[in-house]
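Protein chains: 2
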Amino acid sequence: MEKKLKEEKGITAEKDEFSEWFSQIMLKADLADYTSVSGAIVFRPGSYVLWEKIKEETDKRFKKLGIKNCYFPLFIPEKTLNKEKEHIAGFSPEVAWVTHAGNTKLNERLAIRPTSETIMYESYSKWIRSWRDLPLKLNQWNNVVRWEFKHAVPFLRTREFLWNEGHTVYASKEEAEAEKDQIIGIYKEICEEFLALPSLIGRKSDKEKFAGAEYTISMEFYMPNGKCIQGPDFHHDGQKFAKAYDIKFLNKDGKEEYAYQNTFAITTRMLGVMFAIHSDSKGLILPPKIAQNKVVIVPIIFEDSKTSVLKKAKELAGILKEFDPIVDERENYNAGFKFNEWELKGIPLRIEIGPKDIKEDKVMLVRRDNGKKESVKLKDLKQKVEEELEDIQKCLFNKAEKLLKENIIKVKNLKEIGETIKNKKIAFAPLCGDESCEGDLKTGTLGVKVLNVPEKQPSELEKSKCSICAKKADYFAYIGKSY
Amino acid sequence: MEKKLKEEKGITAEKDEFSEWFSQIMLKADLADYTSVSGAIVFRPGSYVLWEKIKEETDKRFKKLGIKNCYFPLFIPEKTLNKEKEHIAGFSPEVAWVTHAGNTKLNERLAIRPTSETIMYESYSKWIRSWRDLPLKLNQWNNVVRWEFKHAVPFLRTREFLWNEGHTVYASKEEAEAEKDQIIGIYKEICEEFLALPSLIGRKSDKEKFAGAEYTISMEFYMPNGKCIQGPDFHHDGQKFAKAYDIKFLNKDGKEEYAYQNTFAITTRMLGVMFAIHSDSKGLILPPKIAQNKVVIVPIIFEDSKTSVLKKAKELAGILKEFDPIVDERENYNAGFKFNEWELKGIPLRIEIGPKDIKEDKVMLVRRDNGKKESVKLKDLKQKVEEELEDIQKCLFNKAEKLLKENIIKVKNLKEIGETIKNKKIAFAPLCGDESCEGDLKTGTLGVKVLNVPEKQPSELEKSKCSICAKKADYFAYIGKSY
């Protein structure tokens with residue numbers, strides 16, 4: 001049985017066969033499962049608990065900024081959705097439509113929200129009257145639907161996903177734009193310190209910005225298959241939605257003005273990015289700060305010493321309580337099988353304890369990230385666990401950061417961009433900012449696009465020419481293959 | 484301006500004009516708002532924060548029982564929904580159907596989940612193989628849609644609402660049924676200790692039980708308009724869904740058996756019940772344990788003492804930090820206006836502080852629930868606030884309990900039932916348990932039905948006859964007009 005179980009349960013693909021490897025980890029580590037709804041997945045407890053942690057930490061920081069949570073309807077009447085032209089053009093190909101309720105055909109089709117600007121801003125228009133009502137800072141944690149026709153990948157691209165959508169309104173452009181660094185700062189902290197994920201932060205090109213925004217700041221991540229994927233983002237909408245949805249206020253001089261707006265989001269996609277970047281051919285690797293159970297204790301059981309070993313294992317669990325340890329007492333599985341299973345599920349640290357260890361007042365401590373084993377005296381255990389967890393967190397971030405940096409290549413023409421992308425790397429190239437040059441880039445090489453433009457630009461920008469048209473360059477941009 | 488604002492903002496209906504009064508409180512206390520989606524509402528921050536508290540407290544208790552959170556798709560394919568006949572018959576008249584995505588017509592219609600049994604149990608069928616996989620205890624906090632055609636009332640009856648749906652699976656009927664008291668115990672604690680709401684707890688009649696359940700335990704609440712409304716419930720499904728969705732396991736003897744299941748829920752409806760039962764003609768009254776801001780400090784400002792009064796008000800806010808006090812520093816409104824506004828919004832305690840109070844080292848403390856005013860020495864303030872908040876919590880519960888008890892009338896025939904209902908009370912009457920008798924009850928008096936049957940039965944049951952057919956009674960049941 002054991003052998004069969006191992007075959008069923010173990011990962012049989014290497015990380016460089018990315019799709020197969022990723023899909024196996026999702027299913028075998030009990031993170032996600034497919035359902036009879038094509039393109040939608042189950043978030044099993046093993047992944048959902050990580051999303052709850054992201055929510056909790058993000059929400060705490062939002063609340064410190066005075067952002068309040070609320071809930072708007074799932075449905076958006078077609079008429080409401082259609083008011084802002086760029087916005088609807090961006091979303092309408094992916095909208096799921098409700099047309100019937102029970103046996104009744106509805107008078108007007110209802111969209112399932114792909115995002116909530118349109119339904120929220122109708123209310124904002126009613127609620128906001130004077131400068132005293134501003135700023136208005138609301139947020140939702142909810143589910144949205146975008147009917148992608150591409151192949152679904154758990155967490156990375158599914159037809160329904162979970163996210164936060166922040167929607168704030170200010171009396172002036174300056175105040176609105178000042179929120180950018182606050183919000184991006186929060187998302188950066190969540191990604192770097194909890195998920196151990198470095199990113200490229202910058203402004204989207206006009207071509208790639210959010211439908212309806214003045215500009216978009218995005219965080220882009222480099223995946224093990226050489227593709228890039230967009231994470232959290234922040235959109236400054238200027239007065240565009242305010243004009244479409246009539247969000248006006250009386251300013252302190254008694255004059256009517258349109259308000260300034262921002263929106264921002266982090267989604268469950270980040271779980272998939274984290275799973276993909278850190279894990280290996282043994283299975284999931286979780287950064288300790290996001291993992292619920294940071295330690296698993298596996299008692300090494302022989303018939304004659306069973307009672308004392310189990311007792312000691314539970315005693316250790318008590319000492320290590322703050323790390324939420326699992327004690328694997330199961331009787332029908334041997335230690336080797338248990339080691340494999342917890343490695344598959346990504347528990348950061350394993351503690352092995354057997355009769356010999358008890359005699360010598362020590363345990364074996366094994367790291368999930370690098371497999372390093374160390375014998376640790378019981379009296380040092382708690383401190384050692386704490387240190388190792390911190391070190392794992394740091395190592396995972398450093399490894400991901402090294403990978404990202406090594407894969408950015410500074411280039412200066414279309415040929416070099418093409419070669420870089422072919423080698424599954426990110427090109428950092430000068431562009432003139434003209435949409436037609438960006439278009440050439442996209443048509444030339446399948447799926448290639450400008451990821452974003454970092455604020456800090458290289459010193460050689462001044463002397464650089466556009467990689468496409470050879471006119472003077474406006475900026476260096478990250479360019480990559482994208483999800 | 485002030486007068487106009489007051490008219491706009493104050494409640495102009497008395498509690499006995501229930502619909503108008505309730506609707507005004509919802510809108511004017513910023514709890515809910517209507518949207519362009521008929522039958523769906525916005526949960527504004529003032530109400531959503533209360534739902535977050537209910538979630539947090541319930542979830543904490545679920546986790547202690549080993550229940551884990553997860554997330555299943557919003558969509559359910561028509562074929563999947565149709566597998567359990569009683570279940571689909573119960574829900575199909577209210578299902579919202581997605582038929583198109585973008586410009587593409589879907590091959591199969593997708594239901595928006597009215598509840599998730601059907602989509603979850605397909606997965607359960609895959610996941611559960613042996614007794615080792617049991618119990619499986621999962622829960623979701625999500626949104627569901629039931630397309631009611633009756634008039635919508637914020638929180639009490641809307642087409643979309645938020646809830647928890649617990650779905651547990653056990654190897655034996657005994658284990659499954661043992662969960663009943665645990666779950667009902669949790670819901671009772673949340674309702675009584677946080678929402679200050681007493682209820683009638685009992686078993687639903689077969690006619691009124693959940694579509695697909697073996698039996699349903701419900702909590703019923705008595706509303707100020709004399710109608711009753713169902714709150715949290717627990718359903719024991721026996722093996723009904725297990726048979727429809729093929730949820731089988733190998734037991735310890737190696738034999739295949741169908742599993743036993745339960746489901747349970749608390750919904751955002753409870754917010755509406757709480758708002759309706761406690762509030763008055765001045766506006767919202769919130770039980771302190773659920774209120775976010777338990778205290779509001781209103782500085783009484785005169786030009787010459789403004790600085791010192793504001794300074795003192797902030798100092799008090801520091802001392803009372805654990806009660807999350809609001810300091811109302813707004814300049815354009817006088818104290819009376821502020822008093823009205825915070826009464827409207829239901830803050831449990833108000834502290835008034837002016838220059839005279841400062842000189843005498845005291846403040847005025849005013850209770851929202853009964854309007855009682857008391858001058859309190861500063862040195863006693865924190866303790867006094869704590870005591871008063873506790874007392875308000877208790878008083879609100881006692882008042883609601885008194886109202887409930889006074890409105891239950893023990894009767895023994897159809898005529899008396901009719902009179903009781905006409906007087907907007909709850910009848911407690913003996914019934915034989917025959918569905919046709921229960922049917923007579925329903926057709927006889929519009930909207931009247933059996934609420935539930937309490938476990939503890941009156942001693943005269945043995946000698947009692949059915950109020951309808953005069954055969955021997957099986958139980959006394961609560962009967963009322965219901966939402």
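These protein sequence lines map, in sequence, to chains A and B. Under our numbering, the first residue of the first sequence is numbered 1, with each subsequent residue one higher. Under our numbering, the first residue of the second sequence is numbered 484, with each subsequent residue one higher. Idealized CB from N, CA, C, for every residue including glycine. Bear in mind the structure is a predicted one, so any value in this text is a computation, not a measurement.
Next on the checklist: Only counting the same chain, and skipping five residues up and downstream in sequence, which positions put a Cβ closer than 7 Å to that of B:E497?
Outcome noted: Cβ within range, chain order: W504 and S764.
Next on the checklist: So, under 8 Å CB-CB, A:P485 and A:L200 are touching, yes? Tell me the CB distance rounded to an integer number of Å.
Outcome noted: Outside the shown range of chain A (1 to 483) lies residue 485 of chain A, about which nothing can therefore be said.
Item to check | Residues that A:E94 contacts on chain B, provided the C-beta gap is smaller than 8 Å | outcome: By Cβ distance, chain B contributes A584 and G585.
Item to check | Burial state of A:Q383 (16 or more Cβ within 10 Å) | outcome: Around the beta carbon of A:Q383, a 10 Å sphere encloses fewer than 16 other beta carbons of the protein chains shown; the residue is thus reported as exposed.
Checklist entry - According to DSSP, is A:S38 helix, strand or coil? => result Under the three-state reduction of DSSP, A:S38 is assigned to coil, being neither helix nor strand.
Next on the checklist: Counting only C-beta atoms, is A:S123 closer than 7 Å to chain B at any point?
Outcome noted: Yes, A:S123 lies at the interface with chain B (some Cβ there is under 7 Å from its Cβ).
Checklist entry - Cα separation between B:K656 and B:K723? => result One C-alpha to the other measures close to 12 Å.
Checklist entry - Are the beta-carbon atoms belonging to B:Y966 and B:I712 less than 7 Å from one another? => result For B:Y966 and B:I712, yes; Cβs fall inside 7 Å.
Next on the checklist: Strictly by DSSP, which residues pair up with B:Y958?
Outcome noted: Partner(s): B:L914.
Checklist entry - Is it the case that the CB of A:L310 approaches a heavy atom of the ligand ZN more closely than 6 Å? => result No copy of the ligand ZN appears in this structure; indeed no ligand is present at all.
Checklist entry - Going by C-alpha distance, which of A:A259, A:I479, A:E303 and A:N251 is nearest A:E419? => result Selected option, being the one with the closest Cα: A:I479.
Item to check | Nearest neighbour of A:E360, chosen from A:I186, A:P45, A:L378 and A:V169 [CA to CA] | outcome: If we check each option's Cα against that of A:E360, A:L378 comes out closest.
Checklist entry - Contact check, B:P782 vs B:A796 under 8 Å by CB: the rounded distance? => result About 4 Å; that satisfies the 8 Å criterion.
Checklist entry - What residue does the beta strand (DSSP E) around B:R592 start on, and which one ends it? => result Per DSSP, B:R592 is one residue of the beta strand (DSSP E) stretching across T587 to I595.
Checklist entry - Within 7 Å (strictly less), CB to CB, does B:K551 reach chain A? => result B:K551 counts as touching chain A.
Checklist entry - Do the CB positions of B:K551 and A:P154 come within less than 7 Å of each other? => result Going by C-beta atoms, B:K551 is not nearer than 7 Å to A:P154.
Checklist entry - Is it true that the CB of B:I669 sits closer than 7 Å to the CB of B:R544? => result B:R544 is a Cβ neighbour of B:I669, given a cutoff of 7 Å.
Checklist entry - Would you report the Cα separation of B:I611 and B:T601, rounded to the nearest angstrom? => result When rounded, the distance between both Cα atoms is 15 Å.
Next on the checklist: So, under 8 Å CB-CB, B:T651 and B:P597 are touching, yes? Tell me the CB distance rounded to an integer number of Å.
Outcome noted: The pair is not a contact, with the Cβ atoms about 20 Å apart (cut-off 8 Å).
Checklist entry - Taking a cut of 7 Å between CB atoms, which residues from the segment 498 to 526 of chain B lie near chain A? => result Answer in chain order: D516, T518, S519, V520, A523, V525 and F526.
Item to check | Cβ shell of A:C437 (< 7 Å), same chain only, five flanking positions each side left out | outcome: Result list for A:C437: L431, C466, I468 and C469, in chain order.
Next on the checklist: According to DSSP, is A:F249 part of a helix, a strand, or is it coil?
Outcome noted: In the three-state DSSP reduction, A:F249 falls in the strand class (E or B).
Item to check | 7 Å CB neighbourhood of A:F72 in its chain, flanking five on each side removed | outcome: Only S116, I119, M120 and Q140 meet the Cβ criterion.
Checklist entry - Contact between the segment 518 to 525 of chain B and the segment 740 to 749 of chain B: three or more CB pairs below 8 Å? => result Verdict: no, contact absent.
Next on the checklist: Within a Cβ cutoff of 6 Å, which residues of the same chain sit near B:R592, ignoring the five residues on either side of it in sequence?
Outcome noted: Within the same chain, B:R592 has close Cβ partners E561, W580 and T582.
Checklist entry - Per the contact definition of three or more C-beta pairs closer than 8 Å, is the segment 825 to 840 of chain B in contact with the segment 867 to 874 of chain B? => result The segment 867 to 874 of chain B vs the segment 825 to 840 of chain B: in contact.
Checklist entry - Alpha carbon to alpha carbon, how far is A:K209 from A:V145? => result Taking the CA atoms as reference points, A:K209 sits about 19 Å from A:V145.
Next on the checklist: Taking 7 Å as the threshold (beta carbon to beta carbon), is A:Y48 in contact with chain B?
Outcome noted: Chain B contact via Cβ: present.
Item to check | Endpoints, alpha helix (DSSP H) assigned at A:L200 | outcome: A:L200 -> not in any alpha helix (DSSP H); beta strand (DSSP E) instead, spanning L200 to R203.
Checklist entry - What's the call for A:R330, buried or exposed, on a 16-neighbour Cβ count within 10 Å? => result In the assembly as shown, A:R330 is an exposed residue. Its beta-carbon has fewer than 16 other beta-carbons within 10 Å.
Checklist entry - Taking the alpha helix (DSSP H) that A:D181 falls in, what are its first and last residues? => result K173 to E189 is the span of the alpha helix (DSSP H), which, as asked, contains A:D181.
Next on the checklist: At the 7 Å Cβ level, is A:N143 part of the contact set with chain B, yes or no?
Outcome noted: In terms of beta-carbon proximity, A:N143 lines the interface with chain B, with at least one pair separated by less than 7 Å.
Next on the checklist: Under 7 Å, Cβ to Cβ, is there at least one residue of chain A near B:T790?
Outcome noted: Answer no: the Cβ-Cβ gap between B:T790 and chain A never drops below 7 Å.
Checklist entry - If we count the other Cβ atoms within 10 Å of its Cβ and call it buried at 16 or more, is A:H236 buried or exposed? => result Here A:H236 is buried, its C-beta having at least 16 other C-beta atoms within 10 Å.
Checklist entry - What do you get for B:E485, buried or exposed, if any count of 16 or more other CB atoms within 10 angstroms of its CB means buried? => result Reliability fails at B:E485, whose pLDDT of 49 lies under 50, so the model's placement of it is uncertain and no value is given.
Next on the checklist: Is B:F758 close to chain A? Criterion is C-beta to C-beta, closer than 7 Å.
Outcome noted: Answer no: the Cβ-Cβ gap between B:F758 and chain A never drops below 7 Å.
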